[in-house]
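Participant: Order-wise, the sequence lines are chains W and B.
So for the first sequence, full-length UniProt numbering puts the first residue at 1; every next one is plus one.
So for the second sequence, full-length UniProt numbering puts the first residue at 1; every next one is plus one.
In this text, a Cβ means the ideal position worked out from N, Cα and C, and glycines have one as well.
Note that this is a predicted model, so its numbers are computed, not measured.
2 protein chains.
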Amino acid sequence: MPSTGTPRGPYRTGIRRREQIVAVAIEVFGELGYAGGSIRTIADRVGVSHATLLQHFGSKEGLLTAVLEEWDRRAFENGLSDVSGLDYFRRLPQATTAASGNRGLQELFTTMAAEASSPTHPVHAFIQRRYANQFATLAAHLQRAVDAGDVAPLTADQIDLEVRLVTAVLDGIGLQWLLDPSTDVTASVQTYITRTIAAWRASGRAARINRHTKSTPTRRG
Amino acid sequence: MPSTGTPRGPYRTGIRRREQIVAVAIEVFGELGYAGGSIRTIADRVGVSHATLLQHFGSKEGLLTAVLEEWDRRAFENGLSDVSGLDYFRRLPQATTAASGNRGLQELFTTMAAEASSPTHPVHAFIQRRYANQFATLAAHLQRAVDAGDVAPLTADQIDLEVRLVTAVLDGIGLQWLLDPSTDVTASVQTYITRTIAAWRASGRAARINRHTKSTPTRRG
DNA sequence: GTCTATAAGGGGATAGAC
DNA sequence: GTCTATCCCCTTATAGAC
């Protein structure tokens, strides 16, 4: 494995080609699914032979792995790395809309998640891990909001449920946007987030009155 | 096309076989997708040759059409036909949970919806029509709730947004349940519906004060 | 109504030339 | 690094026997 530094020398062409193939593979797997998207179709769109493709990735599943790694890599570029706690949720509407800018990745995600429901599918474990990470991230931010006193106390089960609902809304609206690009992703997510934060706070009002003497929330973010 | 009455005479065996094939096809297409599920796999599970299958449905796409028709048919058996208005939404948690009893159909729905995002896919039009129907049904019930005075007035755009959010939650939680069957579908949907109805009502309180002289809501359901 | 046999093409993967 | 040629399996679909 070469280092991930700047490509140089004789590897430059190969690395560029690799990136190009992965980019096209994201599109094709997104459009046709992993089962339906053939390496020949991908190779044709890139403008190379299918043998070249296999030379780079060894097998179709090797290409899939590269695609998923690229997906993971881009998942961090969501514009949410600089916020935490309740602000994380407040930024979700615009972050989700920005992500919709890349239709290929959204298609890939939706198609893979659906295909992966079968435990024998090659991306089953990957998708489960990705959801676990998503839940953990959201749960951590919601817990921070609780600790900061921004919202009412929540049990671990309640946090889990809230986190799953947020994820469901993001996934469901994303799917609707795929099927009908005129779908207003921002408005939908914004409405959900605003209403949910209000609910988190409202149920906190009564609780906060009963504990106004202890645990002064000082730090934020 | 034969009538849909009770099968009798020489057709009985053929019709039973047809139903059996469709049932298995729902499972296979759900697990592997339309592209990934071959008619040979379906035929093997049924215990017949793949030629028999093509004899009944003409082509793979013919079988898919039969599957989608069966799906449409079962969609009416959701236990929601006897409620309307706000009660329709109140019953969604248990209705959704009951639907989860049939994993095959849930898988089929999720897989097809994802695959269908590409406009060239054979089920693209079907899925779009199905979503349109879903939105129309939910919108009609929410409008009834508004007319009955159960919730605050909503514009057409607001109703559309609410309906899409409900659908997103149902789809998203359904997907989570597929990936992890220990997911508590009822609790998630129940939480969302309860909170949402409360929000629909709360925003109505202020409005209702301003119009307490006009439009007395009398009829319900 | 169901089968076997077969056609015709696409799929993933490998070998070897350039 | 990329190509052509090839292998072999799986796919959909058809033809015709039983």
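1) Leaving out five residues before and five after residue 118(W) in sequence, what residues of the same chain have Cβ atoms less than 8 Å from its Cβ?
2) Thinking C-alpha only, which one of 31(B), 33(B), 189(B), 54(B) is nearest residue 40(B)?
3) Which residues mark the beginning and the end of the alpha helix (DSSP H) in which residue 70(B) is found?
4) When you compare each of 149(W), 137(W), 132(W), 195(W) to residue 191(B) by their alpha carbons, which one comes out closest?
5) Is the beta carbon of residue 85(B) closer than 7 Å to that of residue 27(B)?
6) Taking only beta carbons into account, state which residues of the segment 161-172 of chain B come closer than 7 Å to chain W, listed in chain order.
7) Taking all protein chains shown into account, do 16 or more other C-beta atoms lie within 10 angstroms of the C-beta of residue 188(B), making it buried, or fewer, making it exposed?
8) Hey, is residue 61(B)'s beta-carbon within less than 7 Å of any beta-carbon in chain W?
9) When the Cα of residue 98(W) is compared with those of 180(W), 174(W), 203(W), which residue comes out closest?
10) Counting pairs of Cβ atoms below 8 Å between the segment 127-147 of chain B and the segment 155-165 of chain B, do you hit three or more?
11) Considering only the alpha carbon of each residue, which of 20(B), 110(B), 152(B) lies closest to residue 47(B)?
12) Quick one: which chain B residues come within Cβ less than 9 Å of residue 188(W)?
13) Taking Cβ positions, are residue 126(W) and residue 68(W) nearer each other than 7 Å?
14) Mind reading off the beta-carbon distance from residue 57(W) to residue 43(W)? Whole number of angstroms is fine, and I expect it under 8 Å.
15) Could you tell me which of 90(B), 134(B), 139(B), 101(B) sits nearest to residue 72(B), measuring between CA atoms?
16) Quick check on the DSSP output: the alpha helix (DSSP H) that includes residue 41(W) runs from which residue to which?
17) Leaving out five residues on either side along the sequence, give the residues of the same chain with a beta carbon under 7 Å from the beta carbon of residue 180(W).
18) Can you tell me whether residue 19(W) is helix, strand or coil according to DSSP?
19) Identify which residue in 169(B), 183(B), 202(B), 198(B) has its Cα closest to the Cα of residue 92(B).
20) Taking a cut of 7 Å between CB atoms, which residues from the segment 123-136 of chain W lie near chain B?
21) Take residue 79(B) as the anchor and find which of 176(B), 70(B), 63(B), 96(B) has the nearest alpha-carbon.
22) Quick one, which residues of the segment 96-117 of chain B are near chain W if we go by CB-CB under 8 Å, in chain order?
23) For the alpha helix (DSSP H) that contains residue 133(B), what are its first and last residues?
24) Counting only beta-carbon atoms, is residue 64(B) nearer than 7 Å to chain W?
25) Between the alpha carbons of residue 138(W) and residue 164(B), how many angstroms are there, rounded?
26) For the alpha helix (DSSP H) containing residue 56(B), list its first residue and its last residue.
27) Please work out which residues of its chain come closer than 6 Å, Cβ to Cβ, to residue 37(B), disregarding the five sequence neighbours upstream and downstream, and give them in chain order.
28) Taking Cβ positions only, does residue 203(B) come closer than 7 Å to chain W?
29) For residue 160(B), does the count of other Cβ atoms within 10 angstroms reach 16, so buried, or fall short, so exposed?
30) Tell me which residues of the UniProt domain "HTH tetR-type" (15-75) of chain B have at least one Cβ-Cβ distance to chain W shorter than 7 Å, keeping chain order.
31) With 16 as the cutoff for other CB atoms within 10 Å, does residue 120(B) come out buried or exposed?
32) Would you call residue 183(W) buried or exposed, if buried means 16 or more other Cβ atoms sit within 10 Å of its Cβ?
33) List the whole-angstrom C-beta distance separating residue 178(W) from residue 106(W), where the pair is believed to meet the contact cut-off of C-beta under 8 Å.
Facilitator: Taking the geometry as given:
1) Taking the first residue of the first sequence as 1, we reach residue 118(W) at position 118. Cβ neighbours of residue 118(W) beyond the five flanking positions: 124.
2) The sequence position of residue 40(B) within the second sequence is 40, counting from 1. When C-alpha distances from residue 40(B) are compared across 31(B), 33(B), 189(B), 54(B), the shortest belongs to 54(B).
3) Working through the second sequence from its first residue, we reach residue 70(B) at position 70. First-last of the alpha helix (DSSP H) with residue 70(B): 60-75.
4) For this step, residue 191(B) is matched to residue 191 along the second sequence. Nearest Cα to residue 191(B) within the set 149(W), 137(W), 132(W), 195(W): 195(W).
5) On the second sequence, position 27 is the one that residue 27(B) refers to. On the second sequence, position 85 is the one that residue 85(B) refers to. In this structure, residue 85(B) does not lie closer than 7 Å to residue 27(B) by Cβ.
6) Cβ contacts with chain W come from 161, 164, 165, 167, 168, 169, 171, 172.
7) In the second sequence, residue 188(B) corresponds to position 188, counting from 1. Burial check for residue 188(B): the Cβ neighbour count within 10 Å reaches 16 or more, so the residue is buried.
8) Stepping through the second sequence from its first residue, residue 61(B) is reached at position 61. For residue 61(B), the nearest beta carbon of chain W is not closer than 7 Å to its own beta carbon.
9) On the first sequence, residue 98(W) is found 98 positions in, with the first residue counted as 1. Ranking the options by Cα distance to residue 98(W), first place goes to 174(W).
10) Yes, since at least three Cβ pairs between the segment 127-147 of chain B and the segment 155-165 of chain B fall closer than 8 Å, the two stretches touch.
11) The sequence position of residue 47(B) within the second sequence is 47, counting from 1. For residue 47(B), the closest C-alpha among the options 20(B), 110(B), 152(B) is that of 20(B).
12) Within the first sequence, numbered from 1, the residue matching residue 188(W) stands at position 188. Neighbours of residue 188(W) on chain B, chain order: 161, 164, 165, 168.
13) In the first sequence, counting from the first residue as 1, residue 126(W) sits at position 126. In the first sequence, counting from the first residue as 1, residue 68(W) sits at position 68. It is a contact, given that the beta carbons lie within the stated cut-off.
14) Reading the first sequence from its first residue, position 57 is the one you call residue 57(W). Reading the first sequence from its first residue, position 43 is the one you call residue 43(W). Rounded, the Cβ-Cβ distance is 11 Å, inconsistent with contact.
15) As a working note, residue 72(B) is residue 72 in the second sequence. It is 134(B) whose Cα lies nearest to the Cα of residue 72(B).
16) As a first step, residue 41(W) is located in the first sequence; it is residue number 41 there, counting from the start. Where residue 41(W) is concerned, the enclosing alpha helix (DSSP H) stretches over 39-46.
17) To locate residue 180(W), count along the first sequence from 1; it is residue 180. Closer than 7 Å at Cβ, skipping near neighbours: no residue.
18) For the purposes of this step, residue 19(W) is taken as residue 19 along the first sequence, with counting starting at 1. DSSP places residue 19(W) within a helical segment (H, G or I) once states are collapsed to three.
19) For the purposes of this step, residue 92(B) is taken as the residue at position 92 of the second sequence. Among 169(B), 183(B), 202(B), 198(B), the Cα nearest to that of residue 92(B) is on 169(B).
20) Among the residues of the segment 123-136 of chain W, those with a Cβ less than 7 Å away from any Cβ of chain B are 127, 128, 131, in the order of the chain.
21) For the purposes of this step, residue 79(B) is taken as the residue at position 79 of the second sequence. Of the listed residues, the one whose Cα sits closest to residue 79(B) is 96(B).
22) Hits within the stretch, in order: 107, 110, 111, 113, 114, 115, 116, 117.
23) Locating residue 133(B) in the second sequence gives position 133, where the first residue counts as 1. Run containing residue 133(B): 124-147, per the alpha helix (DSSP H) assignment.
24) Walking along the second sequence from the start, residue 64(B) turns up at place 64. Chain W contact via Cβ: absent.
25) Within the first sequence, the letter at position 138 stands for residue 138(W). Within the second sequence, the letter at position 164 stands for residue 164(B). Approximately 23 Å between the Cα atoms of the pair.
26) Counting from one through the second sequence, the residue named residue 56(B) turns up at place 56. Per DSSP, the continuous alpha helix (DSSP H) segment holding residue 56(B) begins and ends at 50-57.
27) If you number the second sequence from 1, residue 37(B) lands on position 37. The residues 28, 29, in chain order, have a CB closer than 6 Å to that of residue 37(B) in the same chain once the five nearest residues on each side in sequence are set aside.
28) Taking the second sequence and counting its residues from 1, the one referred to as residue 203(B) is at position 203. No, residue 203(B) lies away from the interface with chain W (no Cβ there is under 7 Å from its Cβ).
29) Walking along the second sequence from the start, residue 160(B) turns up at place 160. Sixteen is the threshold: when 16 or more other Cβ atoms of the shown chains lie within 10 Å of the Cβ of residue 160(B), as they do, the residue is buried.
30) Listed by position along the chain: 31, 32, 33, 35, 36.
31) Walking along the second sequence from the start, residue 120(B) turns up at place 120. With fewer than 16 other Cβ atoms within 10 Å, it is exposed.
32) As a first step, residue 183(W) is located in the first sequence; it is residue number 183 there, counting from the start. Buried, since its Cβ has 16 or more Cβ neighbours within 10 Å.
33) The residue given as residue 178(W) occupies position 178 in the first sequence. The residue given as residue 106(W) occupies position 106 in the first sequence. The beta carbons of residue 178(W) and residue 106(W) sit about 6 Å from each other, so the pair counts as a contact at 8 Å.
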